[in-house]
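*Asks:* Submitted below is the structure of interest, expressed as C-alpha cells.
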Amino acid sequence: MSFNPADDDLHAWLNLTLPAGIGPRTQQQLLGAFGSPTAVFDAGLSAVAGVIGIKLAQSLFDGCQQEAQQALIEKTHAWLTEPGHHVVTLADSTYPQRLLESTDPPSLLYVNGDPAYLNHPAIGVVGSRNATPQGNENARAFSKTLADAGFCIVSGLALGIDAAAHEGALRSEARSGTIAVIGTGIDRVYPASNKKLAHLITGNGCIVSEFPLGTVAAAGNFPRRNRLIAGLGQACLVVEAAPASGSLITARLAGELGRDIFAIPGSIHAPQSRGCHALIKQGAKLVECAQDILEELRPQAAPHVSVAQADDHCGQKPEHAALLQALGHEPATLDQLISRCGLAADAVLAMLTELNLEGAVTNLPGGRYQRLIRA
C-alpha cells in the first residue's frame, strides 16, 4: 500500500507549501476556505486574495510559474521513487493525529522510513548536545526501557542526548521504533556524523521533516523542528539541559499542548542540569528511573508489551559496590577515591578498570571518574 498522494494532488500540495511566506497558518486558512490545494488554485488569484491578501496570493500564484519551484517539485517526485520515501499530507490517514492538536500543524511532511510510526504511542526525549557521559547513558537507558514498554521514542537526531535517545530505542527488541525530526530537508543529515544512525532509524522508525528537499541547517529551522517533537509525543522527557537549551523550548511547547513533562535531576554544580531543575521548579515531574514515567503513562503504551525492569549497574562483587558507594554521584579523582576507600592505588585502579568495562564508571577529563546509573 502506497502512502504517496497521487501526482496531481501532490503537485498542488507542493505548490501550496513551497512558496516563501506561505506558512502553515496561511495554508490552514486556504484549506479551510477552499477545501483542498487543487481547489485553492482553481479558485484563482482574486478569490485567494480575498482570504490571505493580495501580496501573499500573488506570491502563491507566482510560485507556480517559477522554474526553481517547479524543478524542486520534479526533484521531489524523483525522490519519492526510492523505497521508503513518502510524503504525508493533512488529507492522508497516516498523518499524525497528535499534530492536529497544535495550532499550526504542517500541511505536508516528508518521511523516510515507515510512516505508520507517526501514530504509535510515543514520548519525546530531548536534551543537551554537549551531554555528560551520565546524561548520554541516562538517555539510552530511559529510551530503551520506554521502548521495551511499547513507546516510540521521538527526538531530533542532534549530537548528545538526541542521538543517545535514538540509540537506546534501537537497542530494544520490542521494535517500538524511533522517530527523528530534523531541521533540514529530508535528503540531508545534520550533523553528517549521524548518517549511520539515520540509516538505522529508517529501518526501525522514520525520519521526518517539514522542510523541502535541499534545505540546509539554519538556526531558525530548529524551533519549528522542536514543535514537531513536542507534538508527536504524548509526553516529553528532558534528560539534561542548560538554562538556554533549545530542549526547554520543546518542553514548553509540549506543556502548551497539555503533554506531561518529565525531567531528570542532576548535580547542583552541573550546568547541564540547571535547565532540568528549572523545569522541576515550574512543575515538571521529577523522575529518577523510567518506571516513574511508565507509572504515569503505561495505559497509553502498546498493550502487548510488558514493562521492562530497570537495570542496575551495581557490581556483583562487594568491593565493587563499596567503591561505587565511595564514588557517589559526583565526579571524583583517583586520590579522592583512595582516601575514601582506604585502599592502595593499584587496587582502586584495577577496580575502576573493571567497572569501566562493565559500563558502571566512565573516565572524565582531568583524571576524574563518574559513576553511570541506568534508568
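Just so you know, we're using my numbering here: the sequence shown kicks off at 21 and counts up by one.
For each residue, glycine too, the CB sits at the ideal point set by N, CA and C.
Would Asn156 and Thr198 qualify as a contact pair, given that the criterion is a beta-carbon distance under 8 Å?
*Replies:* In this structure, Thr198 does not lie closer than 8 Å to Asn156 by Cβ.
*Asks:* How is Asp280 classed by DSSP in three states: helix, strand or coil?
*Replies:* Of the three classes helix, strand and coil, the one that applies to Asp280 here is strand, per DSSP.
*Asks:* On the criterion of 16 or more Cβ atoms from any shown chain inside 10 Å, does Ala238 qualify as buried, or is it exposed?
*Replies:* Per the 10 Å Cβ criterion, exposed.
*Asks:* Candidates Gly203, Ala88, Ile221 and Asp312: which alpha carbon is nearest Ala169's?
*Replies:* The candidate whose alpha carbon is nearest that of Ala169 is Asp312.
*Asks:* Measuring CB to CB, does Cys256 end up less than 8 Å from Gly147?
*Replies:* Their beta carbons are not under 8 Å apart, which means Cys256 does not touch Gly147 by this criterion.
*Asks:* Identify, in the order they occur along the chain, each residue of the same chain with its Cβ nearer than 6 Å to the Cβ of Val259, setting aside the five sequence neighbours on each side.
*Replies:* Gly147, Gly155, Asn158, Ala159, Ile181 and Ile284, listed in sequence order.
*Asks:* Would you identify the three-state DSSP class for Tyr210, choosing helix, strand or coil?
*Replies:* Reduced to three states, the DSSP call for Tyr210 is coil.
*Asks:* Once the 5 residues before and after Thr270 are set aside, which same chain residues still bring their CB inside 7 Å of it?
*Replies:* Closer than 7 Å at the Cβ level, and outside the excluded window around Thr270, lie Gly144, Val146, Asn246, Ile249, Ala250 and Cys256.
*Asks:* Taking DSSP's pairing of strands, which residues face Asn383 in a bridge?
*Replies:* For Asn383, which the question treats as bridged, DSSP gives the partners Tyr389.
*Asks:* Going by the beta-carbon positions, is the gap between Gly295 and Leu277 smaller than 8 Å?
*Replies:* No. Outside cutoff.
*Asks:* Could you give the DSSP three-state label for His105: helix, strand or coil?
*Replies:* Correct three-state label for His105: strand.
*Asks:* Under 8 Å between C-beta atoms, does Phe242 make it to chain D?
*Replies:* Within the model displayed, chain D is absent; a lone protein chain is all it includes.
*Asks:* I believe Ala142 touches Phe171 by the beta-carbon criterion, under 8 Å. Please report the beta-carbon distance rounded to the nearest angstrom.
*Replies:* Between Phe171 and Ala142 the Cβ distance is about 6 Å, and since that is below 8 Å, they are a contact.
*Asks:* Measuring straight from C-alpha to C-alpha, what distance separates Gly83 and Leu30?
*Replies:* Those two C-alpha atoms are separated by around 15 Å.
*Asks:* Figure out for me which residue from Arg208, Gly275, Ala261 and Leu273 has the closest Cα to the Cα of Gly286.
*Replies:* Ranking the options by Cα distance to Gly286, first place goes to Ala261.
*Asks:* Starting from Asn132, trace the alpha helix (DSSP H) both ways and give me its first and last residue.
*Replies:* That residue, Asn132, is in no alpha helix (DSSP H); its beta strand (DSSP E) goes Leu128 to Gly133.
*Asks:* In the DSSP assignment, the beta strand (DSSP E) including Ser192 goes from what residue to what residue?
*Replies:* Careful: Ser192 lies outside any beta strand (DSSP E) and carries neither H nor E.
*Asks:* CB Leu202 to CB Leu233, shorter than 8 Å?
*Replies:* The displayed chain sequence assigns Ile, not Leu, to residue 202. Not closer than 8 Å, so no.
*Asks:* Of all the options Gly55, Pro39, Leu363 and Asp124, which has the alpha carbon lying nearest to the alpha carbon of Glu87?
*Replies:* The shortest Cα separation from Glu87 among Gly55, Pro39, Leu363 and Asp124 belongs to Pro39.
*Asks:* Under a Cβ-count criterion, where at least 16 other Cβ atoms within 10 Å of its own Cβ denotes burial, should His289 be classed as buried or exposed?
*Replies:* By the 10 Å Cβ count, His289 comes out exposed.
*Asks:* Roughly how many angstroms separate the alpha carbons of Glu339 and Ala367, rounded to a whole number?
*Replies:* Roughly 10 Å separates the two Cα atoms.
*Asks:* In terms of DSSP beta bridges, what is Lys215 paired with?
*Replies:* Per DSSP, none; premise fails for Lys215.
*Asks:* Give every residue of the same chain whose Cβ lies closer than 8 Å to the Cβ of Pro153, excluding the five residues on either side of it in the sequence, and list them in chain order.
*Replies:* So the qualifying residues of the chain are Thr382, Leu384, Gln390 and Leu392.
*Asks:* For Leu38, which of helix, strand or coil comes out of DSSP?
*Replies:* Leu38 falls in the coil class under three-state DSSP.
*Asks:* Could you give the first and the last residue of the continuous beta strand (DSSP E) run that contains Ser175?
*Replies:* Ser175 -> beta strand (DSSP E) spans Cys172 to Ser175.
*Asks:* Is the separation between the beta-carbon of Ala185 and that of Gln292 shorter than 8 Å?
*Replies:* Going by C-beta atoms, Ala185 is not nearer than 8 Å to Gln292.
*Asks:* Take Trp33 and list the residues in its own chain whose beta-carbon comes closer than 6 Å to its own, dropping the five residues that flank it on each side.
*Replies:* Answer for Trp33: Pro57, Thr109 and Leu128, listed in chain order.
*Asks:* Would you mind giving the Cβ-Cβ distance between Arg279 and Gln302, rounded to the nearest angstrom? I have them listed as a contact below 8 Å.
*Replies:* Wrong, their Cβ atoms sit about 14 Å apart, outside the cutoff.
*Asks:* Thinking C-beta only, is Leu50 closer than 8 Å to Ile72?
*Replies:* Yes, Cβ-Cβ distance for Ile72 and Leu50 is below 8 Å.
*Asks:* Using the Cα positions of Leu306 and His297, report the straight-line distance between them to the nearest angstrom.
*Replies:* Going from the Cα of Leu306 to the Cα of His297 covers about 9 Å.
*Asks:* Taking only the alpha-carbon atoms, compute the straight-line gap between Asn132 and Ile300 and give it to the nearest angstrom.
*Replies:* C-alpha separation (whole angstroms): 35 Å.
*Asks:* Have a look at Glu315 and Ile173 and give me their C-alpha separation to the nearest angstrom.
*Replies:* In a straight line, the C-alpha of Glu315 is about 17 Å away from that of Ile173.
*Asks:* Rounded to a whole number of angstroms, what is the C-alpha to C-alpha distance between Phe162 and Leu119?
*Replies:* C-alpha separation (whole angstroms): 24 Å.
*Asks:* Would you identify the three-state DSSP class for Leu30, choosing helix, strand or coil?
*Replies:* Note: Leu30 maps to helix in three-state DSSP.
*Asks:* For Leu357, collect the residues of the same chain with a Cβ closer than 8 Å to its Cβ; drop the 5 residues on either side in sequence, then sort them by chain order.
*Replies:* Result list for Leu357: Leu343, Ala346, Leu347, Val368, Leu372 and Tyr389, in chain order.
*Asks:* Which residues share a DSSP beta bridge with Ile143?
*Replies:* Its beta-bridge partners are Ile173.
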